[in-house]
Amino acid sequence: MITYTTKFPVNGSLTKEEFIKTVIKWNQGSQHDKIEGVEWDGESSDLRWSQDKISLEFQEVKTDEIIASRLQKEDEHGLWTTDFILNTEKKCLSVSVGLVTTEFTTDFEPTYYPPYFVKLIVYSGYSGEDLGLQVSQKAHKVSECEELLQKVCVNTARTSLPIVYITSLKGADSEINVDDLAFRLQGVAHVIYEAGSCEKNILNLPDEGNHDNRAIIFYPSTQKKADVICFEEKSKDFVESRIINSVYSYMIQRIRMNMDTWEGVLGEQLHLKNLDLLKSKESVEEENDYLYEEFGDQLKKMEDTNAKLNNEIQRLTAEVQGLRMKFSGNSQTPIIMAGAEQDLYEGEIREIVLEILEEYRKSCHEGSRRQHIIDDILQCNEYKHLPEKKREVLKKALKGYRSLNGSLKNELESLGLEITSDGKHYKWSYFGDNRYVVTAAKTSSDARSGMNLAAIMEKLML
Numbered sequence: 001m002i003t004y005t006t007k008f009p010v011n012g013s014l015t016k017e018e019f020i021k022t023v024i025k026w027n028q029g030s031q032h033d034k035i036e037g038v039e040w041d042g043e044s045s046d047l048r049w050s051q052d053k054i055s056l057e058f059q060e061v062k063t064d065e066i067i068a069s070r071l072q073k074e075d076e077h078g079l080w081t082t083d084f085i086l087n088t089e090k091k092c093l094s095v096s097v098g099l100v101t102t103e104f105t106t107d108f109e110p111t112y113y114p115p116y117f118v119k120l121i122v123y124s125g126y127s128g129e130d131l132g133l134q135v136s137q138k139a140h141k142v143s144e145c146e147e148l149l150q151k152v153c154v155n156t157a158r159t160s161l162p163i164v165y166i167t168s169l170k171g172a173d174s175e176i177n178v179d180d181l182a183f184r185l186q187g188v189a190h191v192i193y194e195a196g197s198c199e200k201n202i203l204n205l206p207d208e209g210n211h212d213n214r215a216i217i218f219y220p221s222t223q224k225k226a227d228v229i230c231f232e233e234k235s236k237d238f239v240e241s242r243i244i245n246s247v248y249s250y251m252i253q254r255i256r257m258n259m260d261t262w263e264g265v266l267g268e269q270l271h272l273k274n275l276d277l278l279k280s281k282e283s284v285e286e287e288n289d290y291l292y293e294e295f296g297d298q299l300k301k302m303e304d305t306n307a308k309l310n311n312e313i314q315r316l317t318a319e320v321q322g323l324r325m326k327f328s329g330n331s332q333t334p335i336i337m338a339g340a341e342q343d344l345y346e347g348e349i350r351e352i353v354l355e356i357l358e359e360y361r362k363s364c365h366e367g368s369r370r371q372h373i374i375d376d377i378l379q380c381n382e383y384k385h386l387p388e389k390k391r392e393v394l395k396k397a398l399k400g401y402r403s404l405n406g407s408l409k410n411e412l413e414s415l416g417l418e419i420t421s422d423g424k425h426y427k428w429s430y431f432g433d434n435r436y437v438v439t440a441a442k443t444s445s446d447a448r449s450g451m452n453l454a455a456i457m458e459k460l461m462l
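With our numbering, letter number 395 in the sequence shown gets 395, and the count goes up by one each step, no holes.
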């Protein structure tokens, strides 16, 4: 399980030597993870120290100007790994914190907060610029980066990190402190705030309504739409939690490049060692050429397999994180735990529950606690109104039903109905579930029978 991951620009002052010094400083300043006796000669880059259930090591890939460190420790939650990977050529730093559960793992819910090492990098002035936007502990005024924000809004520029844009705060209960928010998001997102009135013309959002008291989150991925979070009638803690969860949920679901992982660094080291072994072939007698060719082929296949497996691990890790966030939602504790019933189509149970809440809301007393809770849930959950859409399709399909022709059969099957013949009647079962079956005449002379059948199916299935 990935609990933290980011990749952000650094400047040229973060050399390999400064990187090692900063990692050691981070470890030696830790209250719980400090390893005694850590000393560095100022030259070596292949380093390792260990103590009890904690270890710290460094590895370097000289050809790619990469140096990496890993802190590993085991506690009651499981096996923790904290990886820092610096690419001095591309001037970027990758950070990830992972947890592997063991048989001794107790209940654990990760909290989203940057490792102290990230704070050290930013505070020490090693962080770089992301399309001209400084990676910082403080929020940026929109007047300082309006041109960049305009480009981001119209999708002509993409920063490496998400941008959290705080629009003008007018009478909102949240009282968001933009610098506090930027401090919590340092290294994973930029915070930009509007000091005056919100400039609607630079937002370029489909909603032409009021944009005051909003947080608009722009993501680096072109496939991810901007999130809009409203502050009105929301507490400060609620709004901050929504923003932070949205940013971190996106970051931990991203697929990391091979050389942004500890395993990728070790794989590249192995590749370079294999190349050195093959180069020594020239000094060996000619009769060994065949053996070296075989050895080289085997090494190449092994390296290719290793690279593919690591890429697959990163893909599956991102997929698992995505599923984890999908089922956990924005809250650390789900409001309702899922039961034994399974979706008959994707999102069915969620859609039905949200529709029930939406219908019940109509009978709630205006301004009541129940109304506010339901409004909050409906606002925070994507709702496609799929049951309602299916009912409309069903009514249209069965209107004036006389017999089951090919076109009607296709429409019913697209709704999930399985059709079987039973003498003079058809049996239509919903996704093959015997609990949800209706009987329909193969031929009907009553023009109203189709609508009556649709009404029965709506109550039973939708």
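By construction, the Cβ of each residue, glycine as well, lies at the ideal position given by its N, Cα and C atoms.
8 Å contact criterion, which residue i and residue j should meet: CB distance rounded
i	j	result
residue 72	residue 44	Residue 72 to residue 44, Cβ: 20 Å. No contact.
residue 168	residue 194	5 Å
residue 445	residue 401	No, residue 445 and residue 401 are not in contact; Cβ-Cβ is about 11 Å, not under 8 Å.
residue 7	residue 94	5 Å
residue 100	residue 79	4 Å
residue 3	residue 272	About 31 Å separates the two Cβ atoms, so there is no contact after all.
residue 244	residue 185	7 Å
Helix, strand or coil at residue i [DSSP, three-state]
i	result
residue 242	helix
residue 214	strand
residue 274	helix
residue 145	coil
residue 131	coil
residue 50	strand
residue 40	coil
residue 183	helix
residue 176	coil
residue 10	strand
residue 372	helix
residue 356	helix
residue 3	strand
residue 249	helix
residue 192	strand
residue 227	strand
residue 15	coil
residue 35	coil
residue 118	helix
residue 345	coil
residue 154	coil
residue 255	coil
residue 165	strand
Same chain, Cβ closer than 6 Å to residue i, neighbours up to 5 away in sequence not counted
i	result
residue 22	120
residue 227	217, 246
residue 437	427, 429
residue 462	387, 390, 391
residue 87	66
residue 364	370, 371
residue 431	344, 416
residue 151	157
residue 82	71, 97
Own chain partners of residue i with C-beta closer than 8 Å, once the 5 adjacent residues on each side are dropped
i	result
residue 123	137
residue 411	393, 397
residue 267	258, 303, 306, 307, 310
residue 13	125, 126
residue 178	139, 166, 191, 193
residue 34	27, 28
residue 514	Since the first residue shown for the chain is 1 and the last is 462, residue 514 is missing from the structure and cannot be characterised.
residue 239	174, 176, 215, 229, 231
residue 375	361
residue 453	398, 401, 438, 440
residue 384	347, 351
residue 49	35, 37, 38, 55, 56, 57
residue 149	142, 163, 165, 192, 202
Which listed residue (the options) has its alpha carbon closest to that of residue i
i	options	result
residue 378	354, 9, 260, 125	354
residue 182	78, 134, 406	134
residue 421	17, 97, 404	404
residue 156	222, 92, 409	222
residue 128	151, 92, 16	92
residue 468	37, 42, 36	What the structure shows of the chain is the stretch from 1 to 462, and residue 468 is not part of that stretch, so it cannot be assessed.
residue 277	117, 296, 409	296
residue 180	114, 224, 225	114
Residues of its chain near residue i, where Cβ-Cβ distance is below 7 Å and the 5 sequence neighbours each way are ignored
i	result
residue 251	5, 6, 188
residue 59	46, 68, 265, 266, 269
residue 425	439, 440, 441, 442
residue 299	274
residue 409	419
Restricting to runs no shorter than 4 residues, where is the alpha helix (DSSP H) found entirely within the stretch 385-460? 386-398, 406-414
Can you list, in chain order, the stretches of the beta strand (DSSP E) that have 3 or more residues and sit fully within the stretch 57-104? 66-75, 78-87, 92-100
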